[in-house]
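Step one of this worksheet: look at the structure below.
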Amino acid sequence: MLTDRPKYVLSIDQGTTSTRAMIFDHNGRKVIEASKPVKQVIPHNDWVETDPNEIWNDLLNRLGCFDH
Numbered sequence: 001m002l003t004d005r006p007k008y009v010l011s012i013d014q015g016t017t018s019t020r021a022m023i024f025d026h027n028g029r030k031v032i033e034a035s036k037p038v039k040q041v042i043p044h045n046d047w048v049e050t051d052p053n054e055i056w057n058d059l060l061n062r063l064g065c066f067d068h
């Protein structure tokens, strides 16, 4: 059983309009956040498409923002 709390927690929010990554401390306070809008393609009325490779790369780039 783990008795030590992690120093930080990573949270990822992949929405329809942006890719966000946030790091919180063990008290729940946000330490840092990085986000980028998601490019949307609307081929027909009421349709929205996003490139899954772009979402993945955006996420990796957001995580790279935390490398100090």
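In the working numbering, the protein residues as written are 1 to 68.
Heads up, the beta-carbon is just placed ideally off N, CA and C, and yes, glycines get one too.
The structure presented is a predicted model; accordingly, all values stated were derived computationally and were not measured.
Check this for me: beta carbons of residue i and residue j, under 8 Å apart or not?
i	j	result
S11	F24	yes
D67	T19	no
Which class does residue i belong to by DSSP, given the choice of helix, strand or coil?
i	result
D46	coil
R29	coil
R5	coil
D58	helix
Rounded to whole angstroms, how far is the Cβ of residue i from the Cβ of residue j, which I believe are closer than 8 Å?
i	j	result
T17	V41	In fact, because the Cβ distance is near 13 Å, the residues do not count as touching under 8 Å.
With a threshold of 16 other CB atoms inside 10 Å of the CB of residue i, please say whether the residue is buried or exposed.
i	result
R5	exposed
R29	exposed
Where DSSP assigns a beta bridge to residue i, which residues make up the other side?
i	result
T16	DSSP, once it has assigned bridges, lists no residue as partnering T16.
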